[in-house]
Structures are given as structure tokens and as C-alpha cells.
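First residue of the sequence shown: 1, per our numbering; consecutive thereafter.
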Amino acid sequence: MYYGADYYPEHWPKERWAEDARLMKEANINVVRLAEFAWAKLEPAEGHYDFSWLDEAIDILGKEGIKAVIGTPTATPPKWLVDKYPDIYMKDRYGHVRGFGSRRHYCYNSPVYHEYTKRIVSKIAKRYGVNENVIAWQIDNEFGCQDTGQCYCENCQLAFREWLKERYGSLENLNRAWGTVFWSQTYNDWDEIILPYYTVCEDSDHRFHGHNPGLLLDFYRFSSDSVVSYQKLQVDLIREFASQPITHNLMGHFPEIDYFKLGKDLDFVSWDNYPRNQWRIDGSDFREVAMAHDLMRGVKDKGFWVMEQQSGPCGWSVMGRTPKPGQLRLWTYQAVAHGAEAIVYFRWRTCAFGAEEYWYGILDHDGIPRRRYGEVQKTGKELQAISDIIVGSRVVSETAIIKSYDNLWSHRIQPHSTGFDYNTLLMSYYKGLINNNINTDVISIDHDLDRYKVVFMPAFNLVKEDIIEKIEEYVKNGGNLVLTFRSGSRNWDNSMRTDTLPGGFRKLAGIEVEEFDSLNQDCEGITGIMGDGTAITWCDILKPNGAGVLAVYASGYYRGSAAITVNTFGKGKVYYVGCGLDQKSLDKLIESIAGEAEVGQVLPWKTEGVEAVKKEKDGKPYIMVLNHNPVPVIVDTGGNYTDLLTGGKINNKLELEPYGVSVLV
Ligand code: GAL
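The following block contains the structure:
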């Protein structure tokens, strides 16, 4: 398996490169990612290319058996280029130019930038498409990072109109879909349509300015599609000149790009994983990271790479806590458990200059191997020993959570309630599953559903007929579907449906929503199958229409009304959860739904802070057990196993050290 580091030879004297390669080899590193920000080094002046340094670096690394992934350098257009064509810059919603000084300062729709992208990418692809030490390509770097998912420049304005023409065919259709009769917004000419610039209104999060929800959702879609097309432009060029597989480094839960669409043009997905940094000083909940891994696997329904894995304390102006002994190894195994087939640490050596002087890599500024190097080295050795069961393995899951970017955006535009966030709701269901030791896939609505015993489809608000038909079919054939509040109430164009709630899902759920209550930060009581609990965020007051009642509200004027129901539909069941739930109640509800559907648990215990993932390679199962606690734990395995990492026998009880890991067969 590939195991490596992000390496920037251009930041260090040439005399050091051979020493770096030697130290890498000793650390079991066999791949590096190179050059993704090096445009100004590769083309210092227009038309003057210099690949000699990169050739030499690849050569030195190659001699130690270290392969390279080359990044196209388009995340950092050089100064000579943007000075010549300021038109390349992004603009914000106030029309301000987002200028030079950082990175990602280009617009995805700039025709000039497309031209220069083609030139540099084809040059690089021709040169390294035939290099046997180059094994893959990374397009650009983290599309959308640093708030660069949406641009408001004149090029985008023109491209948006073209995108709308394609989508709606006629202005009449567009006016109808957006409901422009409201507030006299009717458009008589395509050229009248504008991007959602700043208006007389501004939302408290400075994101929306009183614009039409149909236009806003289309702007989100258009912006995401613009990234997908820009990536495709590069993918097509590379394929013309090179045969190595192509990836892009995604950002886990990042909300502005439809990763299911972005992933289609790639050969494999990779992503960047920093559980603990300046912006997550206390560290991410391990379940958040687990879900991000599962989403990344779900993008192409196959194994992925981590292209940047945290390897030290990190931040730009202040730093997050230093990874404790064992944590780098634990995070690496967590990635592998969820489907990573290659790990690349960011970065090899901490840079002595630039915005990331504090973003520590495997080596400190002084380049001397210390504790973190030792941990990377040890982990690499262990992984190589079990690589045959890692690469090409699959996670065994009988449940899935459906994630929809269209719905995410609609909810971002109008979150319904101050306590509501679509990703957080999905996460609470994910946590409910992991807390019950149940593996899950995170998939798009286009994915085949038949292989799952239970499908969770939280707050799927926008619907269209083919989606309704698809899930009706799934349930009819014996599937179990879980719907929640704020489902089925809107059309795909973001207008409200006028049928009784839950609109498109009324028949399936066998209920009607009589009334609802947007709780915001308040809460109400609930009691039922999960015991006594708390309803948060939102309460749908349900009238069963064939469905059975699983829980009722225990307070408020709707005390005694149905809150959670279950309906038999064909051979399957539809659960409707009318409110947000405290995590403990949700865990219990999920336990009961999964139990009814006979979903298997990975291990029969529940230990706080311990995660277990069941995998399979060539029909042979194994279980990865991860202790995220800073203290040792004893895990009840409910059976006898062998630990592949130590060779030790486990008789019902597995002892794990702080941040310890075990692979059970
Ligand atoms: C990632 C990015 C890297 C580096 C790192 C640390 O987002 O891809 O280039 O910037 O974060 O900030």
C-alpha cells in the first residue's frame, strides 16, 4: 500500500533532498505528493518553463523507491499572470476583488484562466505522463477551501445566465420555477438576471441578502457545477497525455461542492484530514471524523486515499494541541478502518516561512527525526505487514445515511429554526449508529438502496417524483426507511409544495403533519419507545393515518400528540421522527429500529470512546477496534479472536492501551 508524505523540495536546499529521501525510506514512506503550489517555480515568467528541479527531485526520490503524485499547480496562479489579467480574480458578494496574497484567488469561470490552466496542465501532463516514478495526479488543491466555493465576478454572471438557459430552456419556465411574481421580480430578458449580490437586506450570517430562494439554490448548484467543470477541464487534458489515475483532495464535510458530482470524473477520491488544529483546538469528535471518512468512501463507493493526514501540532497563527503519543497512529488506523487504502501525511518537514510556519509536519523546522517520526515509521511498518487485507477491502454495512447536497443548500439558505443544521442532524443519526456499534455507508440518493436493511433519510426536504418512486420501491420490497421532520415539503426548485405535509412522503409515512413548532433553542418533553427524552429544534404534531405511534410529546400544548410513528408499506416499514432528539434518546430509537430490522452489530458491547469497524477482504471478515480514549480500556469482544498486529490471542476480553488499536481476525 502507498504510505507517504506531502513534500516540498522547492522549500529546501537541493543538498538536503537526498537526506530527506533516505529518512523517508527509513520511515517506510514510498510515496510523496509534489508541486501542487509550484506554478511560479515551474513557470517563473510567461512561457519560460523550468522543470529541472522537479525532474531532479523525482529522480532522487525514485532512487530510494519513492513514487510521486503530482499536483497541478492551479490553486496558486502566479503574480505575473494575475497582474496581466486581473480578470482572473474572484469577487465577493459586495463586488470586491479578492486579490493576491494568499492562494485560490482565481475564478472557476474565467476564460483567460481556463486558457492558462490548459497551458500549464498540458505541459506538466506531457512531461510526467510518461515518468515511471509518477503514479498519480492530483488536480488543483482543495477546491473551495478558504471560502472560495462561490464567486460573484462578471464572468460568473455571464456563465450563470448560460447555466440557467440550459436548465430552464425558457424565461417563462424560470419565472414560474422561481415564483418571480413575488416582489415584482419577473425577468423579461436573460441579461436581466443577476447573481445574489448584496441587497438592502443582509442575513445575520452575512450570507443571504433577501434573495429569492429559487435563485439562491440555483446559485449554489451553479457554483458547485462550475468547480466540477473546471476540474473536468483539467481531467480531460491529463487523460490526453497521461495514463496515471487522477484524484483531487476533498475536504470531508465541506458544504459548498456536491462531492458526489465532483467525484464522478475522478479515478479515486482522496481527502485531507486534520482532527485537531487551530480551528479545532479541542479536537474533533472521533465520530465526526469517522463520518467524513465514510462520506469520502461513499463518493465513489470504494476505497480512497488520505492525501493530507495531520502529523503534528498545527495552525496558522495559533496551534491546536500536539497529537499525543499514539494519536497519529490511531488516526491513521481510523482512516484505514473506514476505507483509506493509502495515507499521506501533511507534511514531511515544517516550513520555515510563509503562512504555514506553524503547521508542523513529521519533522520539525530543524529536520531532525523525533517522536512523531518514530510513530509514523512504526505505523508504516505495521501497515505494510497487513496491507493485503487493507487494499481492496470493503466495509460491511447494512445501513446507509443519504446525504443530499441540494437539500443541504436549501437548508443553509433557510434553516427553518435557529437550532437546525442539516449536517448536524445527519451527524446525530451517524452518532446513533456508531454508538450502537453499527457500520453505515454515507451515500447519495442515486445510490442503489437494495443492499441496505435500513436507510436513514433525515430532513430530505426537496423532492421530485423519481425520488419518491425510488424510495417507495425500496420500502415496498422490504426496506426500512427513516424520515424526519422537514421532509418532503419542497419541490426540487426550492418552492414549497402545496400538498399536506410531509408532502411527497405522506403516503409512505401514513401520517399527516397537523401543525409544527419551530423550537429554536427551546425544548419539549417526549416519551415512548426510547423512554423519556427531550425533543429539540422542531416538533411536528402528527396525525396518524394508518401509522402506529411510537412516541408522543410529554409537554407543550400538544402533549399526548404523536411525535414518532411507524407505518407498514408493502413488505417494509417507514419510520417518521417528527422532532430532533437528545442523543441518548436517538441512540435508543436507532437501537430499536436496527433491532427490528435485524441489523448486525460489529461487537456486542458499547464502550464509550471505542469504535469498531467490520471489514472484509475476499470474503474474509476482520474487525478493527480503535480506542479514542486517553486511558486504557478493556473491551468485551463476545468471542475469541487473534490480534493481527501482535499475534496475541483474545479470549473475550481485549485490552487496549490509551489510543490503542487492534485488528481482530
Ligand atoms: C490544507 C491544504 C494544505 C495546507 C494545509 C494546512 O487545507 O490543502 O495545502 O494548507 O491545509 O493549512
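Glycine included, every Cβ here is placed at the ideal spot set by N, Cα and C. The model shown is predicted, which means the values in this text are computed figures rather than measured ones.
Item                                                                                                                      : Value
Cβ neighbour criterion (16 or more within 10 Å) applied to Asn640                                                         : exposed
Cut-off 6 Å between Cβ atoms - residues of its own chain near Arg93, not counting five sequence neighbours on either side : Tyr152, Tyr197, Tyr198
Per-residue DSSP class, three states only, for Ile526                                                                     : strand
Residue nearest to Val31 in terms of C-alpha spacing, selected from Glu341, Gln185, Leu174                                : Glu341
Reference Pro13, options Ala57, Ala400, Met24, Arg22, closest by Cα                                                       : Ala57
Beta-carbon proximity check, Ala563 vs Val574, cutoff 9 Å                                                                 : no
Option in Glu256, His253, Val228, Pro255 with minimal Cα separation from Thr247                                           : Val228
Strand pairing of Arg666, partner residues [DSSP]                                                                         : Here the chain comprises residues numbered 1 to 665, so residue 666 is not present and cannot be evaluated.
Own chain partners of Trp305 with C-beta closer than 7 Å, once the 5 adjacent residues on each side are dropped           : Thr247, Phe268, Ser270, Ala340, Glu341, Ala342, Val344
Nonlocal neighbours in the same chain, by C-beta distance under 7 Å from Cys607, ignoring five residues either side       : Strictly speaking, residue 607 in this sequence is Thr, with Cys absent from that position. Within the same chain, Thr607 has close Cβ partners Val633, Val635.
Element boundaries [alpha helix (DSSP H), containing Lys123]                                                              : 111-128
Delimiting residues of the beta strand (DSSP E) encompassing Ile670                                                       : There is simply no residue 670 to check, as the chain begins at 1 and stops at 665 in what is shown.
Neighbourhood of Glu142 by C-beta, 6 Å cutoff - its chain only, sequence neighbours within 5 removed                      : Asn249, Met251
Proximal residues to Asp499 (C-beta, below 8 Å), its chain only, five neighbours per side dropped                         : Arg506
Bridge partner(s) assigned by DSSP for Cys579                                                                             : Cys539
Runs of beta strand (DSSP E) lying entirely within the region 65-114, each at least 3 residues, in chain order            : 67-71
Proximity below 9 Å, CB of Thr399 to CB of Lys453                                                                         : yes
Spatial distance of Ser102 from Asp83 (CA atoms)                                                                          : 15 Å
Nearest-angstrom Cα separation, counted from Val661 out to Ala335                                                         : 12 Å
Beta bridge counterpart(s) of Ile343 as assigned by DSSP                                                                  : Tyr3, Val306
Phe569 (DSSP reduced to helix, strand or coil)                                                                            : strand
Heavy atom of the ligand GAL within 8 Å of Asn141 beta-carbon                                                             : yes
Nearest candidate by alpha-carbon position, reference Val289, set Pro604, Ala35, Ala337, Ile593                           : Ala337
Supposed close pair Thr440, Leu449 - CB separation, criterion 8 Å                                                         : So it is not a contact: roughly 13 Å between Cβ atoms.
For Cys201, the nearest candidate out of Ile194, Ile193, His211 (CA to CA)                                                : His211
Close Cβ partners of Val631 (< 8 Å) along its chain, the five nearest in sequence each way excluded                       : Pro658
Beta-carbon proximity check, Ile281 vs Gly312, cutoff 9 Å                                                                 : no
DSSP beta-bridge partners of Thr247                                                                                       : Gln138
Three-way DSSP call (helix, strand, coil) for Lys615 in this model                                                        : strand
Val121 versus Leu237 - alpha carbon distance                                                                              : 7 Å
Val227 in three-state terms, based on DSSP                                                                                : helix
Contact between the region 32-47 and the region 71-89 (3+ Cβ pairs under 8 Å)                                             : yes
Touching by the beta-carbon criterion (3+ pairs, under 8 Å), the region 512-531 and the region 411-426                    : yes
Buried/exposed call for Ile471, threshold 16 Cβ in 10 Å                                                                   : buried
Span of the alpha helix (DSSP H) around Asn480                                                                            : Counting along the chain, Asn480 falls outside any alpha helix (DSSP H), though it belongs to the beta strand (DSSP E) covering 480-484.
Pro131 in three-state terms, based on DSSP                                                                                : Before going further, note that residue 131 is Asn rather than Pro in the sequence given. Here Asn131 sits in coil by DSSP.
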